[in-house]
Amino acid sequence: MDRITNKLPIILDSDPGCDDAVAIMLAAKHPLFNLQVITVTAGNHILEKTTQNALKVCSYLGIDNVPVAAGMSGPIIRRQVIADHIHGENGLGNIDFDEIRIRLDHRHAVTLIIEILLESNGDITFVATGPLSNLAMAMRLEPKIIPKIKQIVLIGGSYQLGNITPAAEFNMYADPEAAHIIFTCGRPIVMIGLSITEKVLFKKEVAARIGSIDNKAATLFTKVMDFYTKSNKRIFGHEVSPLYDPAAIVYLINPSIFTTKLMHVEIELKSEQSYGRTNCDFYGLLNKPANAEVVTDLDSERFWEIIDKTIRLYGRT
Ligand code: BDR
Ligand code: CA
535 MDRITNKLPI ILDSDPGCDD AVAIMLAAKH PLFNLQVITV TAGNHILEKT
585 TQNALKVCSY LGIDNVPVAA GMSGPIIRRQ VIADHIHGEN GLGNIDFDEI
635 RIRLDHRHAV TLIIEILLES NGDITFVATG PLSNLAMAMR LEPKIIPKIK
685 QIVLIGGSYQ LGNITPAAEF NMYADPEAAH IIFTCGRPIV MIGLSITEKV
735 LFKKEVAARI GSIDNKAATL FTKVMDFYTK SNKRIFGHEV SPLYDPAAIV
785 YLINPSIFTT KLMHVEIELK SEQSYGRTNC DFYGLLNKPA NAEVVTDLDS
835 ERFWEIIDKT IRLYGRT
């Protein structure tokens with residue numbers, strides 16, 4: 535917590551992305567946060583599109599007090615993979631937006647992450663809702679940033695099934711070597727992975743409740759969730775769509791509604807079939823030191839309450 539502002543300083547690193555857009559929406563408005571920068575990476579789509587999407591969301595919602603910077607245009611080692619089959623041809627549910635009003639910060643996201651962390655006094659939480667390329671590259675370029683990070687709250691991984699291969703979750707699979715750098719960096723990590731698939735469900739009641747809010751944030755939320763729901767039904771057969779990225783922000787707003795288990799997590803880098811899998815030692819079989827708190831459950835009612843309340847903060851349009 536920043537002692538002067540009494541707010542939680544965060545860096546939000548994302549690859550918008552339908553659910554990333556909701557994470558940005560929450561992080562920029564909730565009074566708990568001092569959102570220092572939105573850094574963008576390639577992931578759900580190529581960097582050009584994820585960057586445009588971040589700028590579109592910020593322009594539409596009037597988020598003009600937070601720098602937006604573009605970072606890594608692809609993974610550190612592997613061949614690039616994107617998730618346009620889920621997020622659409624424009625990477626953001628094929629939604630039309632008015633003209634982009636927010637200017638892109640001219641600095642590279644990796645440089646900015648390094649600068650911000652070096653100048654900080656160790657109180658910044660790094661929130662990642664996409665592949666971990668930007669933070670991994672920043673750590674390799676300037677290892678002095680590592681002890682400056684208070685904690686890393688990331689969306690990704692799975693101790694159960696994968697969603698891009700049978701073994702791997704998309705954000706980890708999209709840059710496994712970057713994920714390896716993060717999971718071996720020694721800083722506290724909260725991993726919010728696919729275990730929430732059956733917990734955070736965009737049920738009809740939730741859609742109706744948030745859909746009835748009369749403001750731009752609710753309109754955007756409804757549009758992205760409409761598209762995302764259809765993708766999830768088509769690809770995974772989910773009757774009710776899960777929602778991932780906003781969970782990182784909700785976790786920081788109220789960690790007590792999440793259940794976590796401390797364990798050792800290693801990224802699979804050698805196997806062809808399981809490349810990018812988060813091997814989670816759920817039962818402590820390996821006797822290796824724990825390096826992540828892995829989310830295993832959450833209180834979904836209170837989760838949606840937080841989303842609802844935060845969207846209402848945007849006020850009526
Ligand atoms: C993650 O993959 C992306 O497609 C989503 O934006 C989310 O970050 C879920 O596996
Ligand atoms: Ca994402």
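Each residue of the sequence shown is one higher than the last, beginning at 535 in our numbering. Glycine included, every Cβ here is placed at the ideal spot set by N, Cα and C.
Opposing strand residues paired with residue i [DSSP bridges]
{"i": "M535", "result": "Beta-bridge pairing links M535 to no other residue."}
{"i": "N568", "result": "P543"}
{"i": "S607", "result": "Paired residue(s): none; S607 is not in a bridge."}
{"i": "K795", "result": "V828"}
Near ligand 1: residue i beta-carbon under 8 angstroms from a heavy atom
{"i": "C552", "result": "yes"}
{"i": "T812", "result": "no"}
Heavy atom of ligand 2 within 8 angstroms of residue i beta-carbon
{"i": "Y778", "result": "yes"}
{"i": "L727", "result": "What sits at residue 727 in the sequence shown is Gly, not Leu. Every heavy atom of ligand 2 is 8 angstroms or more from the Cβ of G727, so no."}
{"i": "S775", "result": "no"}
{"i": "T731", "result": "no"}
{"i": "G577", "result": "yes"}
{"i": "T663", "result": "yes"}
{"i": "N766", "result": "no"}
{"i": "N624", "result": "no"}
{"i": "N705", "result": "yes"}
DSSP three-state assignment for residue i, whether helix, strand or coil
{"i": "L638", "result": "coil"}
{"i": "E839", "result": "helix"}
{"i": "K563", "result": "helix"}
{"i": "D776", "result": "Asp is not the amino acid found at residue 776; the sequence shown has Pro there. If DSSP states are grouped into helix, strand and coil, P776 belongs with the strands."}
{"i": "S746", "result": "coil"}
{"i": "I684", "result": "The question names Ile, but residue 684 in the sequence shown is Lys. Looking at K684 - three-state DSSP - the assignment turns out to be strand."}
{"i": "N821", "result": "coil"}
{"i": "D831", "result": "strand"}
{"i": "A662", "result": "strand"}
Min CB distance residue i to chain D below 9 angstroms
{"i": "K764", "result": "As a matter of chain content, chain D is missing from the structure shown, which is built from one protein chain."}
Residues of its chain near residue i, where Cβ-Cβ distance is below 6 angstroms and the 5 sequence neighbours each way are ignored
{"i": "E800", "result": "N813"}
{"i": "R641", "result": "A603"}
{"i": "Y693", "result": "C814, F816"}
Own chain residues within Cβ distance below 7 angstroms of residue i, not counting five before or after
{"i": "L820", "result": "H798"}
{"i": "I787", "result": "H564, L566, I840"}
Beta-carbon proximity list for residue i, same chain, < 8 angstroms, skipping 5 on both sides
{"i": "K541", "result": "M535, P565, L566, F567, N568"}
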